[in-house]
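Protein chains in written order, with the numbering used here: chain F, 451 to 822; chain V, 320 to 767; chain L, 109 to 446; chain G, 180 to 485. Beneath this line is the structure, given in structure tokens, with notes to follow.
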């Protein structure tokens, strides 16, 4: 039973350009679902759509979102406020800008407690200190009275997490939670998120552009490109066998020691401007496997395996040329002929290391984050 | 020659500004990225209608800026002697308005003066009556015909205006995007037509204490307002630009000195500073009557000095703004890239910093314009504005205010001055808003 | 980098800051004095002043000398080469007339009255009009701006902005003249002008106050609205909404407090200047405050008074700047004066 | 590189922020030296000090044996900045941007020769020749970074200081730029000082690596040595903190706490307060210990005879 269910969500600008175009996915309780994509692909707008917090000039055009069986888009604004910060909470990319600079940390947390748990005064204060303690802020009784500017970036993000947890949410939406942080701090914050999740059993929608972060945190992944989900799979499936040419290219573009001798397989060109592609696949212009049909017809969603689907003509069932091409595509994306095998990473050798052997970060949080 | 062109100081400055504006426009036209924000301005209907209004005012102001002295009809053809009176092309165009002065107040479109006078009728009886005007509505035999005649003339004029406007709209229809602008052209054409037709026979806005036509006064005031609003920037702009940019870029002692100067200037309440400077100027002018050939030249120099003083007292705000922006810009990576090539400071200032603060200057200038027009009225009212002999909104209001206590009130001169000012300032404000919206990079422009 | 503000804990930073700011004010005030002095004496010699004060009839060289001597204008302007040592600088008009200012000894006006006493008596009427105008204005403008912000991007907001632009395009003179005409002349509600102390004075000041407030609605409300709108676009506001707070609560508990920071820049600096009154309002409504005092002095070319008022204005302005900085520390915990 | 800290009523200088302290490094021709560190460690300051955009407080910069401090040689080294949106003047055409360095340094011959050179530069960085008449806002982030590289190359420098040139770009575009830098190095024999926090990029591009922490270099060596067998606990922690797509099951060193302020660095070894292996000796700042001819580390764990 999924906790959050998003169906055919469309979000667009007032002038009609679709920023988020026909997106569907669902998240189960206790699960981390990652939305992976480059800047401007619409992943943040998807998150804000779920919270019904879109900026001025952007509107939810169609689609349905079910949270715990409640249709969010049918709620009155008043009831939606109960959901926000209560059953679903959100943390943002820039912890430095996302906290109110002139309010103490304690008051900002207490606000949530008052709103969703009716907790006030000393009780709220006590609970705030507990929450800060939980997110690993040292000396919480003192910090609770401090202003955000006193805290470092990593500490601010911990405060944001404490604030999100204050409402005991069932779903946490984390929008690039570590992008603004240094690597050593990023590791701390991601660890905290994993720990929290295993403790509370909440679901998490993790929005990121970093394949590494996905690999270490997500259970399931959706890859977004120019407003659409182009591929969706479990983490194991995606890292073992990415299907969409874009996903494959993303992997191939990663620098690393293994490729030090040769050129990277870069994706030529750049992401098309919003709403500029009226027909055909949005990736067609940059795809080296594209053919005429890709430029003419928008590919439908195709389920390829259990839990894995893709929006690409290479895998389409219907259509005369589709079958042949699809077959070719399948052949090419296999372990043998794909440029992917250039990479010496162990996970690419799918035969030697079954995907299921990967540790589950949720069930075994200690396995990937043991402290030395 | 029957006239001698006269170039007053303010005229020269206006032409200088026009020239600079022309060169600027030509330069912008050749650079697509500079044209871009202007295209955004052009897309706004309010901005374009305001611009239309402003250009009407501008045309009146420019016509009033072409000055000359007419030749007096000499008795012997030996040497042409020129009248000491400096006139403008506008004066010539609306000559009837200028020379048809009544004895004293008369209401708009009135046939008679506003005050009763003792008159002797045909029978020799002395009566207290409202005397007929010398020029207003003289073609009518009695007050009973007035309404019909006014309506008829207004309609005829409006019709002529409609035709002329329609022709104009037909000519420009392809080059104008907004229908609102075309409608505005028609409306203004009709209004001007009606006004012109009535003005030929009446004092449309009445006359003032010495019998001058209020419409004429209002038209003459436009130039004064425009000059205050624009020429002042000639002083403000270079001071603020050079000092602000230099302070921000060089920092150190240059910054200290410049900051000291503007702190001193801005810590003096500006009205006091202006008042003191104007008084000083007045004393100088009064003690040197030999400097000026005509009274117009004297009043004009005072106007120019007023602009200078307003400029000297109002550059500090913009300077502070530019200093702050330059401080930010000098940390930009493209400036550091230029520094790493060893590009000279002067070149960095002119090539990198100044073009990137131009939008601030432009926004500040258009925003200041309306404030300056309003300030002129206040200063002239307080007695530290333009020369009392110069026609301006301020002097009109000042003169009219004295009649507030009169029963019934003489309202038309005040109404005319405030009305014209309101239209001018409102148009300027709306246009300034559109310019700010188009040029300010901080404003979010999704969807455009 | 050097932009890091390093706060100090060893001494009381506020006191150190205040002392430094007051020390910095001295050269500024010297500059202000020099400027007013120069403006006056570049064209106006002491002889001219004497002639003007004495009137055409009584002007004789002796009378001028006597006038100058009585009022201390018989010295050189800046440098006295007749004396040696420190006297070279101190035994001059500039020194004699400026030094006293720094201890608030303003001397006497040309008609022989003590300027300090005059200021003291006229401050009351000035404040009686300026202070209520300021306070009521602040409340009205901020409320109006908040209203527009709450209903931003709706027809109500558009109408509000349009009204603001219209109101700010109207000359301030119109508000005064129109107000006087309507309220005093047509409806006979309050006297047109004049002033009285105590409770009696209420009827005299109410019209100037109302007109002062109305005259500022356009530009001020629009300015506040811009600040609020800018603040509402910031990330922390999104966080507040994500908590489930209602829009009015976001506005009042989060946005308003942050918006105070830019608001203070424009508002606090004028508070000390309220003592100076308003030149325009006071002269229109015949209020015997410092504003009308200044105007009269300008028209009479009374240098001593003008110079004293300029000095007082500058001192109050600098006080306003310092007050602004101090007020920042109250609303913005990030600001530490050092 | 010291920056003053001011205090008190008269704002006397009471101390210095040592943004970069006692750093020595050398880059052979045709090599890439990667300078790795987290934000605020002074790596960007170091790059700017080399270019003398910030005057160093003390020390020497030699280029092919010639002293540069005090008499900078602008054509010898150039910089590529982090943010391609801030590093190009929005009011200048591409041609003007590329020509600026040549005209400032008076090289590149007459204007026709310069125009030809600009065409070549655009070819070299993979942009169409007609882009030279366009303005920066017409280009995407990756294309802008190509323009910035072309600008630096315009004066034919031998050393390019790249300050996080790909951190503002998306992965797919980052690969384009890395490829470009790599092929330019092969083609022109350029040396790079590559400032970054992205270890994957370091692995891909660098020959040698210096790791910085709070203004000092804590470890240096060849890329192989530093990345495969890191010695300094900080380097080890840094490497293990990078999330990797192949990183499952490896041992993770999680650092406690935050980076201290560079204005008040801890006494002794700056890293000691966060170091999982700190000991008493760490109260004194360690000298460099040679692990091999190319590999050295500043840590008491590796003291000879210790």
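In this text, a Cβ means the ideal position worked out from N, Cα and C, and glycines have one as well.
- Query: Quick one: which chain F residues come within Cβ less than 7 Å of residue 354 (chain L)?
  - Reply: Reading the third chain from its first residue, position 246 is the one you call residue 354 (chain L). Neighbours of residue 354 (chain L) on chain F, chain order: 531.
- residue 330 (chain G) and residue 276 (chain G) look like a contact to me (Cβ under 8 Å); what is the Cβ gap, rounded to whole Å? Within the fourth chain, residue 330 (chain G) is the residue found at index 151, counting from 1. Within the fourth chain, residue 276 (chain G) is the residue found at index 97, counting from 1. Yes, residue 330 (chain G) and residue 276 (chain G) are in contact; Cβ-Cβ is about 6 Å, under 8 Å.
- Would residue 333 (chain G) pass as a contact of residue 376 (chain G) if the rule is Cβ separation under 9 Å? Position 154 of the fourth chain, counted from the first residue, corresponds to residue 333 (chain G). Position 197 of the fourth chain, counted from the first residue, corresponds to residue 376 (chain G). In this structure, residue 376 (chain G) does not lie closer than 9 Å to residue 333 (chain G) by Cβ.
- Query: Between the segment 244 to 257 of chain L and the segment 710 to 722 of chain V, do at least 3 Cβ pairs fall closer than 8 Å?
  - Reply: A contact is defined here as three or more CB-CB pairs under 8 Å, and the segment 244 to 257 of chain L fails this definition with respect to the segment 710 to 722 of chain V.
- Query: Using DSSP with H/G/I as helix, E/B as strand and the rest coil, what is residue 302 (chain G)?
  - Reply: The count along the fourth chain starts at 1 and reaches residue 302 (chain G) at position 123. Residue 302 (chain G): helix per DSSP, three-state reduction.
- residue 736 (chain F) to residue 745 (chain F), Cα distance in whole Å? By 1-based counting over the first chain, the position of residue 736 (chain F) is 286. By 1-based counting over the first chain, the position of residue 745 (chain F) is 295. Those two C-alpha atoms are separated by around 11 Å.
- Message: Across the segment 534 to 544 of chain V and the segment 413 to 424 of chain V, are there enough close Cβ pairs to call them in contact, namely three or more that are closer than 8 Å?
- Response: With a cut-off of 8 Å, the segment 413 to 424 of chain V and the segment 534 to 544 of chain V count as touching, because enough Cβ pairs lie within range.
- Message: If I follow the unbroken alpha helix (DSSP H) through residue 718 (chain F), where does it start and stop?
- Response: Here residue 718 (chain F) corresponds to residue number 268 of the first chain, with the count starting at 1. Counting along the chain, residue 718 (chain F) falls outside any alpha helix (DSSP H), and DSSP gives it neither H nor E.
- Query: What separation, rounded to the nearest whole angstrom, lies between the Cα atoms of residue 586 (chain F) and residue 513 (chain F)?
  - Reply: On the first chain, position 136 is the one that residue 586 (chain F) refers to. On the first chain, position 63 is the one that residue 513 (chain F) refers to. Those two C-alpha atoms are separated by around 39 Å.
- Message: Our contact map puts residue 374 (chain G) next to residue 222 (chain G) with C-beta atoms below 8 Å; I'd like the distance itself, whole angstroms only.
- Response: Start at 1 with the first residue of the fourth chain, and residue 374 (chain G) comes out as number 195. Start at 1 with the first residue of the fourth chain, and residue 222 (chain G) comes out as number 43. That pair is a contact at about 5 Å.
- Query: So, is the C-beta of residue 474 (chain G) closer than 9 Å to a C-beta in chain F?
  - Reply: The sequence position of residue 474 (chain G) within the fourth chain is 295, counting from 1. Not closer than 9 Å to any Cβ of chain F, the Cβ of residue 474 (chain G) fails to qualify, so no.
- Which chain V residues sit within Cβ distance under 8 Å of residue 279 (chain G)? Residue numbering aside, residue 279 (chain G) sits at position 100 when the fourth chain is read from its first letter. Ordered by position in chain V, the residues that pass the 8 Å Cβ test against residue 279 (chain G) are 657, 660, 662 and 670.
- Are residue 190 (chain L) and residue 199 (chain L) closer than 9 Å when you measure CB to CB? Within the third chain, residue 190 (chain L) is the residue found at index 82, counting from 1. Within the third chain, residue 199 (chain L) is the residue found at index 91, counting from 1. Against a cut-off of 9 Å, the Cβ pair of residue 199 (chain L) and residue 190 (chain L) comes out as a contact.
- Task: Would you check if the distance between the CB atom of residue 433 (chain L) and the CB atom of residue 218 (chain L) is smaller than 9 Å?
- Result: The sequence position of residue 433 (chain L) within the third chain is 325, counting from 1. The sequence position of residue 218 (chain L) within the third chain is 110, counting from 1. Cβ distance not < 9 Å, so residue 433 (chain L) and residue 218 (chain L) don't count as in contact.
- Simplified DSSP assignment, three categories, for residue 608 (chain V): Within the second chain, numbered from 1, the residue matching residue 608 (chain V) stands at position 289. Residue state, collapsed to three classes: helix.
- Name the two residues that bound the continuous alpha helix (DSSP H) containing residue 121 (chain L). Sequence index remark: in the third chain, residue 121 (chain L) carries index 13 (1-based). Residues 121 to 149.
- Task: Would you tell me roughly how many angstroms separate the C-alpha atoms of residue 346 (chain G) and residue 434 (chain G), rounded to the nearest one?
- Result: Translated into positions along the fourth chain, residue 346 (chain G) becomes position 167. Translated into positions along the fourth chain, residue 434 (chain G) becomes position 255. Distance between the alpha carbons of residue 346 (chain G) and residue 434 (chain G): 23 Å.
- Message: Give me the subset of the segment 701 to 712 of chain F whose CB atoms are less than 7 Å from a CB atom of chain G, sorted by chain position.
- Response: 703, 704, 705, 706, 707, 709 and 710
- Do residue 650 (chain F) and residue 626 (chain F) have their CB atoms nearer than 9 Å? As a first step, residue 650 (chain F) is located in the first chain; it is residue number 200 there, counting from the start. As a first step, residue 626 (chain F) is located in the first chain; it is residue number 176 there, counting from the start. No, Cβ-Cβ distance for residue 650 (chain F) and residue 626 (chain F) is not below 9 Å.
- Just the chain L side, please: which residues come within less than 7 Å of residue 586 (chain V) by C-beta, in chain order? What you label residue 586 (chain V) is simply residue 267 of the second chain in a count that begins at 1. Simply 136, 140, 422, 425 and 426.
- Query: For a contact meaning CB atoms closer than 7 Å, what does residue 384 (chain L) contact in chain V?
  - Reply: Here residue 384 (chain L) refers to the residue found at position 276 when the third chain is read from its first residue. Among the residues of chain V, those whose CB is under 7 Å from the CB of residue 384 (chain L) are 588, following chain order.
- Cross-chain neighbours of residue 266 (chain G) in chain V, by beta carbon under 7 Å: As a working mapping, residue 266 (chain G) is identified with position 87 in the fourth chain. Under the 7 Å cutoff, chain V gives 652, 653 and 656.
- Message: According to DSSP, simplified to helix, strand and coil, what is residue 513 (chain F)?
- Response: Counting from 1 along the first chain, the entry for residue 513 (chain F) is found at position 63. Strand, per DSSP.
- Any chance the CB of residue 481 (chain F) is under 8 Å from a heavy atom of the ligand ZN? In terms of ligand content, the structure shown is empty, and the ligand ZN therefore cannot be addressed.
- Message: Which residues of the segment 303 to 322 of chain G have a Cβ closer than 8 Å to any Cβ of chain C? Give them in chain order.
- Response: No chain C is part of this structure, whose protein chains are labelled F, V, L and G.
- Check the Cβ of residue 645 (chain F) against every Cβ in chain L and list those closer than 9 Å, keeping chain order. The sequence position of residue 645 (chain F) within the first chain is 195, counting from 1. Within chain L, no residue comes near residue 645 (chain F); the closest Cβ sits about 22 Å away, beyond 9 Å.
- Return the first residue and the last residue of the beta strand (DSSP E) that residue 233 (chain L) is part of. As a working mapping, residue 233 (chain L) is identified with position 125 in the third chain. Premise fails: residue 233 (chain L) lies in the alpha helix (DSSP H), 223 to 258, not in any beta strand (DSSP E).
- Closest Cα partner of residue 340 (chain G) within the set G:253, G:480 and G:220: As a first step, residue 340 (chain G) is located in the fourth chain; it is residue number 161 there, counting from the start. Nearest C-alpha to residue 340 (chain G): G:253.
- Message: Cutting at 6 Å between CB atoms, please list the residues of its own chain near residue 404 (chain G), excluding the five before and the five after it.
- Response: By 1-based counting over the fourth chain, the position of residue 404 (chain G) is 225. Cβ neighbours of residue 404 (chain G) beyond the five flanking positions: 474.
- Secondary structure at residue 254 (chain G), three-state DSSP: helix, strand or coil? On the fourth chain, position 75 is the one that residue 254 (chain G) refers to. Correct three-state label for residue 254 (chain G): coil.
- Item | Rounded Cβ spacing between residue 555 (chain F) and residue 607 (chain F) (contact assumed at less than 8 Å) | Reading the first chain from its first residue, position 105 is the one you call residue 555 (chain F). Reading the first chain from its first residue, position 157 is the one you call residue 607 (chain F). In fact, because the Cβ distance is near 12 Å, the residues do not count as touching under 8 Å.
- Using three-state DSSP, classify residue 474 (chain G) as helix, strand or coil. In the fourth chain, the residue the question calls residue 474 (chain G) occupies position 295. Residue state, collapsed to three classes: coil.
- Item | Residues bridged to residue 400 (chain G) [DSSP beta-bridge criterion] | Residue numbering aside, residue 400 (chain G) sits at position 221 when the fourth chain is read from its first letter. Residue 400 (chain G) pairs with G:388.
- Could you check the C-alpha separation between residue 450 (chain V) and residue 438 (chain V) for me, to the nearest Å? In the second chain, counting from the first residue as 1, residue 450 (chain V) sits at position 131. In the second chain, counting from the first residue as 1, residue 438 (chain V) sits at position 119. Approximately 8 Å, taken between the alpha carbons.
- Query: According to DSSP, is residue 376 (chain V) helix, strand or coil?
  - Reply: Sequence index remark: in the second chain, residue 376 (chain V) carries index 57 (1-based). Judged by DSSP in its simplified three-state form, residue 376 (chain V) adopts helix.
- Residues that residue 344 (chain L) contacts on chain F, provided the C-beta gap is smaller than 8 Å: Translated into positions along the third chain, residue 344 (chain L) becomes position 236. What residue 344 (chain L) touches in chain F: 547, 548, 549, 550 and 551.
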